[in-house]
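Chemist: FYI, in the numbering used here the residues of the sequence shown are 1443 to 1713. Glycine included, each C-beta is placed from N, C-alpha and C at the ideal position. A quick note: this is a predicted structure, and the numbers were derived from the prediction, not measured. Starting off with a structure, shown below.
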Amino acid sequence: MNEINMKVAILGANGRMGRVLIEALRENEEAYLAVATVRDDSPWVGIDVGELAGIGTQGVSCSAVSTLKPDDVDVVIDFTLPAAFDDNLAWCVANKKPVVIGTTGLSEQQLIALDEAAKQIPLVFAANYSVGVNVMLALVKQAALALGNTADIEILEAHHRFKQDAPSGTAMAIGQAIADTLGRNLQECAVYGREGKEPPREHKTIGFATVRAGDIVGEHTALFADIGERLEITHKASSRLTFAKGAVHAALWLSSRENGRYGMDDVIGLA
1443 MNEINMKVAI LGANGRMGRV LIEALRENEE AYLAVATVRD DSPWVGIDVG ELAGIGTQGV
1503 SCSAVSTLKP DDVDVVIDFT LPAAFDDNLA WCVANKKPVV IGTTGLSEQQ LIALDEAAKQ
1563 IPLVFAANYS VGVNVMLALV KQAALALGNT ADIEILEAHH RFKQDAPSGT AMAIGQAIAD
1623 TLGRNLQECA VYGREGKEPP REHKTIGFAT VRAGDIVGEH TALFADIGER LEITHKASSR
1683 LTFAKGAVHA ALWLSSRENG RYGMDDVIGL A
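What follows is the structure, encoded as structure tokens:
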């Protein structure tokens, strides 16, 4: 494969991330957008991708996902919805195509399918493709080691009004990183809402607070609060382009990997 001519397919090109991925690929010198798919019944079928992204005509038209052909693509980037995940993953496995997956809100069964697929193809799955967020994940592990036995831990996140899953995939990844470091089961210790009069906070719980408002791109804070001091580790995204560029970087990195499931920590060398 010639890396400077890597053919990328974006699945769900009309979504918020799909549109930004189109822009990110236009700016990348090592890969180019070969295919952009939308639902078969989408009104965007046949429309130039530049109209979607607002960047002018690009010479690539949106195509129905059912028309995707193996010879047209080297690597797939999938930022669709959980409802489309099963078919998209099955296509990548059947056609032996590496895939970068940014779909969040997956079920436990879909996560199992992800691990099974990784035995047959290389794939990157991450809740967030920002380099900064993945550095944050490394930092919260260090903080948990130093403060987790005494501090109360809360995770605060905010996104735009249209985001459907809550807490966000990134917030859950932060919580999981902390729980794993402390030897806790996140499913047992997570608290997702508080209301009314409750008993005092149990120390080993990890709390989540969610905001959905306006056009917030994404903000995440891991709070370690003890008596007399607190540590806050925060990441704020001002543009989705940072996520899209990270996903394209992951696609380039993945193109030469062996079968397996990778994360952004592998891509950027933090694993």
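1. When you compare the CB positions of residue 1660 and residue 1612, do they come within less than 8 Å of one another, or not?
2. Pull up the distance between the alpha-carbon of residue 1674 and that of residue 1484, whole angstroms please.
3. Which partner residues of residue 1517 appear in the DSSP bridge assignment?
4. What first and last residue would you give for the beta strand (DSSP E) that runs through residue 1668?
5. According to DSSP, residue 1649 sits in a beta bridge with which residue or residues?
6. Can we say the region 1575–1590 touches the region 1531–1550, given the rule of at least three CB pairs closer than 8 Å?
7. Just to confirm before moving on: does the CB-CB distance between residue 1568 and residue 1706 stay below 8 Å?
8. What number of angstroms, rounded off, separates the C-alpha of residue 1639 from the C-alpha of residue 1508?
9. Label residue 1444 either buried or exposed according to how many other C-beta atoms from any shown protein chain fall within 10 Å of its C-beta, with 16 as the threshold for buried.
10. Is it true that the CB of residue 1510 sits closer than 8 Å to the CB of residue 1455?
11. In this structure, does DSSP put residue 1443 in helix, strand or coil?
12. For residue 1560, which residues in the same chain have their Cβ closer than 8 Å to its Cβ, ignoring the five residues on either side in sequence?
13. So, using beta-carbon positions, are residue 1566 and residue 1709 closer together than 8 Å?
14. Out of 1711, 1601 and 1591, which one is the CA nearest neighbour of residue 1681?
15. What span of residues does the beta strand (DSSP E) with residue 1671 cover, start to end?
16. Do residue 1518 and residue 1538 count as a contact pair if the criterion is CB distance below 8 Å?
17. Thinking C-beta only, is residue 1515 closer than 8 Å to residue 1462?
Modeler: This is what the structure holds:
1. Sequence index remark: in the sequence shown, residue 1660 carries index 218 (1-based). Sequence index remark: in the sequence shown, residue 1612 carries index 170 (1-based). Yes, the Cβ-Cβ distance between residue 1660 and residue 1612 is below 8 Å.
2. Start at 1 with the first residue of the sequence shown, and residue 1674 comes out as number 232. Start at 1 with the first residue of the sequence shown, and residue 1484 comes out as number 42. When rounded, the distance between both Cα atoms is 43 Å.
3. Here the question's residue 1517 lines up with position 75 in the sequence shown. In DSSP, residue 1517 forms a bridge with 1450.
4. The residue labelled residue 1668 in the question sits at position 226 within the sequence shown. First-last of the beta strand (DSSP E) with residue 1668: 1660–1668.
5. Mapped onto the sequence shown, residue 1649 falls at position 207. BP columns for residue 1649 point to 1596 and 1633.
6. no
7. The residue you call residue 1568 lines up with position 126 of the sequence shown. The residue you call residue 1706 lines up with position 264 of the sequence shown. It is a contact, given that the beta carbons lie within the stated cut-off.
8. By one-based count along the sequence shown, residue 1639 stands at place 197. By one-based count along the sequence shown, residue 1508 stands at place 66. Approximately 53 Å between the Cα atoms of the pair.
9. As a working note, residue 1444 is residue 2 in the sequence shown. Here the model assigns residue 1444 a pLDDT of 43, short of 50, so the residue's position is not dependable, and the following value carries that caveat. Burial call: exposed.
10. For this step, residue 1455 is matched to residue 13 along the sequence shown. For this step, residue 1510 is matched to residue 68 along the sequence shown. No, the Cβ-Cβ distance between residue 1455 and residue 1510 is not below 8 Å.
11. Your numbering for residue 1443 matches position 1 in the sequence shown. At residue 1443, the pLDDT of 43 sits below 50, so the modelled position is not reliable and the matter cannot be decided from this model.
12. Locating residue 1560 in the sequence shown gives position 118, counting from the first residue. So the qualifying residues of the chain are 1701, 1702 and 1703.
13. If you number the sequence shown from 1, residue 1566 lands on position 124. If you number the sequence shown from 1, residue 1709 lands on position 267. Yes. Within cutoff.
14. Reading the sequence shown from its first residue, position 239 is the one you call residue 1681. For the residues 1711, 1601 and 1591, the minimum Cα distance to residue 1681 belongs to 1601.
15. Reading the sequence shown from its first residue, position 229 is the one you call residue 1671. Taken as a continuous stretch (DSSP letters only), the beta strand (DSSP E) holding residue 1671 covers 1671–1679.
16. In the sequence shown, the residue the question calls residue 1538 occupies position 96. In the sequence shown, the residue the question calls residue 1518 occupies position 76. Cβ distance not < 8 Å, so residue 1538 and residue 1518 don't count as in contact.
17. The residue you call residue 1462 lines up with position 20 of the sequence shown. The residue you call residue 1515 lines up with position 73 of the sequence shown. Cβ distance not < 8 Å, so residue 1462 and residue 1515 don't count as in contact.
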